[in-house]
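In mature numbering (1 follows the signal peptide of the UniProt record, and there is no 0), the protein residues as written are -21 to -1, 1 to 238.
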């Protein structure tokens, strides 16, 4: 009897340890977003399948991450706006063709530097309560460490690779660059054009790339598309700082509007 009790106790402890080791909830520790509460969110799709997040920055422009389209050869790139569920019919949902995809000219497959992408829609998005551009940061200064910022997406929600059908989000505290660059974290690889957020079992993950890191209602960063292990507290989340690229963003959109 004593042996059975010890065995049962061991199983309970093992089960608790497994639960503690697995990220719970959504978007690795987050939860489902309130339906249509983030009208700027975009699903970047290739051949009808979600590959990355993105966000509307003007009525004909969506911002995302350059790495998102690296492996796309002849695939058809489209952007879904006004969605909460990727699969269910919603009156606000509309799929737009992409007229032009413009990755940052210095982005490369072997690095997450300059991981920005601008997508020009084939027509102006129909704006309304569920489709609205998101203001983005134009002042080039760092967000204070500890600031809680919102990240949302349809990306992986657990280590088994499950992806949700409905939009999920979580709040993450910003980590200062000096700490993020410590040897035990990213060891000096975080440039002034990047920012970090904590990732202790709560993190953005595969499929969230290209989505915005929103602080105080303004997009401060874009989720990068690196191969970092999600939710590992020793590898904080990395985001491209949009304020570092104001001139490039303005130039691409002005050129597109004039075309």
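All residues carry an ideal CB built from backbone N, CA and C; glycine is no exception.
Beta-carbon separation (whole angstroms), residue 189 vs residue 32, contact threshold 8 Å: Translated into the one-based positions of the chain shown, residue 189 becomes position 210. Translated into the one-based positions of the chain shown, residue 32 becomes position 53. That pair is a contact at about 5 Å.
Looking at the secondary structure, which residues open and close the alpha helix (DSSP H) in which residue 52 lies? Here the question's residue 52 lines up with position 73 in the chain shown. For residue 52, no alpha helix (DSSP H) segment is defined, and its DSSP state is neither H nor E.
Near residue 231, what residues of its chain come up, given a Cβ to Cβ distance below 8 Å and the 5 sequence neighbours on each side ignored? The residue given as residue 231 occupies position 252 in the chain shown. The residues are 81 and 97.
For residue 223, which residues in the same chain have their Cβ closer than 6 Å to its Cβ, ignoring the five residues on either side in sequence? Indexing the chain shown from 1 puts residue 223 at position 244. Only residues of its own chain outside the window of five on either side were considered, and among them 172 have a CB closer than 6 Å to the CB of residue 223, listed in chain order.
Which value, in whole angstroms, describes the spacing of the CA atoms of residue 159 and residue 114? In the chain shown, residue 159 corresponds to position 180, counting from 1. In the chain shown, residue 114 corresponds to position 135, counting from 1. Each residue's CA atom was taken as its position, placing residue 159 and residue 114 some 26 Å apart.
What does the alpha-carbon distance come out to for the pair residue 148 and residue 126? For the purposes of this step, residue 148 is identified with residue 169 of the chain shown, where counting begins at 1. For the purposes of this step, residue 126 is identified with residue 147 of the chain shown, where counting begins at 1. So the alpha carbons of these two residues sit roughly 16 Å apart.
When the Cα of residue 93 is compared with those of 42, 183 and 211, which residue comes out closest? Against the chain shown, residue 93 aligns to sequence position 114. Measuring from the Cα of residue 93, the nearest candidate turns out to be 42.
How should residue 20 be labelled, buried or exposed, when 16 other C-beta atoms within 10 angstroms of its C-beta is the threshold for buried? Your numbering for residue 20 matches position 41 in the chain shown. Of the other Cβ atoms in all chains shown, 16 or more fall within 10 Å of the Cβ of residue 20; this residue is therefore buried.
Anticipated Cβ contact below 8 Å, residue 218 with residue 176, distance rounded: Here residue 218 refers to the residue found at position 239 of the chain shown. Here residue 176 refers to the residue found at position 197 of the chain shown. Their Cβ separation, rounded to whole angstroms, is 7 Å, which keeps residue 218 and residue 176 in contact under 8 Å.
With DSSP run on the structure shown, which of helix, strand or coil describes residue 217? The residue you call residue 217 lines up with position 238 of the chain shown. Residue 217: strand per DSSP, three-state reduction.
Beta strand (DSSP E) segments (min. 3 residues) lying fully within the stretch 54 to 116: 56 to 60, 73 to 82 and 96 to 100
Rounded separation between residue 227 and residue 44 - CA only: Indexing the chain shown from 1 puts residue 227 at position 248. Indexing the chain shown from 1 puts residue 44 at position 65. Spanning the two alpha carbons is a distance of roughly 14 Å.
Report the three-state DSSP secondary structure of residue 12 (helix, strand or coil). In the chain shown, residue 12 corresponds to position 33, counting from 1. Note: residue 12 maps to coil in three-state DSSP.
Could you have a look at residue 129 and say whether DSSP puts it in helix, strand or coil? Taking the chain shown and counting its residues from 1, one reaches residue 129 at position 150. Residue 129: strand per DSSP, three-state reduction.
Cβ of residue 109 within 8 Å of any chain C Cβ: Given the protein chain composition of this structure (a single chain), no chain C is represented.
Beta-carbon spacing of residue 78, residue 100 below 8 Å: On the chain shown, residue 78 is found 99 positions in, with the first residue counted as 1. On the chain shown, residue 100 is found 121 positions in, with the first residue counted as 1. Yes, they are a contact pair.
Enclosing alpha helix (DSSP H) for residue 199 [first to last residue]: In the chain shown, the residue the question calls residue 199 occupies position 220. Looking at the DSSP string, residue 199 is not in any alpha helix (DSSP H); the run it does join, the beta strand (DSSP E), is 197 to 202.
Beta carbon of residue 62, beta carbon of residue 55: below 8 Å? The residue labelled residue 62 in the question sits at position 83 within the chain shown. The residue labelled residue 55 in the question sits at position 76 within the chain shown. Going by C-beta atoms, residue 62 is not nearer than 8 Å to residue 55.
Output the boundary residues of the alpha helix (DSSP H) element that contains residue 236. One-based indexing of the chain shown puts residue 236 at position 257. Counting along the chain, the alpha helix (DSSP H) containing residue 236 begins and ends at 225 to 237.
Within 10 angstroms of its Cβ, does residue 83 collect 16 or more other Cβ (buried), or is it exposed? The count along the chain shown starts at 1 and reaches residue 83 at position 104. Counting Cβ neighbours within 10 Å, residue 83 comes out buried, since at least 16 surround it.
Inter-residue spacing [alpha-carbon to alpha-carbon] between residue 234 and residue 57: Your numbering for residue 234 matches position 255 in the chain shown. Your numbering for residue 57 matches position 78 in the chain shown. Distance between the alpha carbons of residue 234 and residue 57: 21 Å.
Quick check on DSSP: helix, strand or coil for residue 209? Position 230 of the chain shown holds residue 209. Looking at residue 209 - three-state DSSP - the assignment turns out to be coil, as it is neither helix nor strand.
Whether residue 111 touches residue 18 by CB criterion (8 Å): Taking the first residue of the chain shown as 1, we reach residue 111 at position 132. Taking the first residue of the chain shown as 1, we reach residue 18 at position 39. Yes, they are a contact pair.
Distance CB(residue 134)-CB(residue 50) smaller than 8 Å: Residue 134 sits at position 155 when you count from the first residue of the chain shown. Residue 50 sits at position 71 when you count from the first residue of the chain shown. No.
Can you list, in chain order, the residues of its chain whose CB lies under 6 Å from that of residue 155, leaving out five sequence neighbours each side? In the chain shown, residue 155 corresponds to position 176, counting from 1. Correct list, in chain order: 124.
So, under 8 Å CB-CB, residue 194 and residue 128 are touching, yes? Tell me the CB distance rounded to an integer number of Å. Residue numbering aside, residue 194 sits at position 215 when the chain shown is read from its first letter. Residue numbering aside, residue 128 sits at position 149 when the chain shown is read from its first letter. With a Cβ gap of about 4 Å, residue 194 and residue 128 count as contacting.
Going by DSSP, name the residue or residues bridged to residue 191. Reading the chain shown from its first residue, position 212 is the one you call residue 191. 201.
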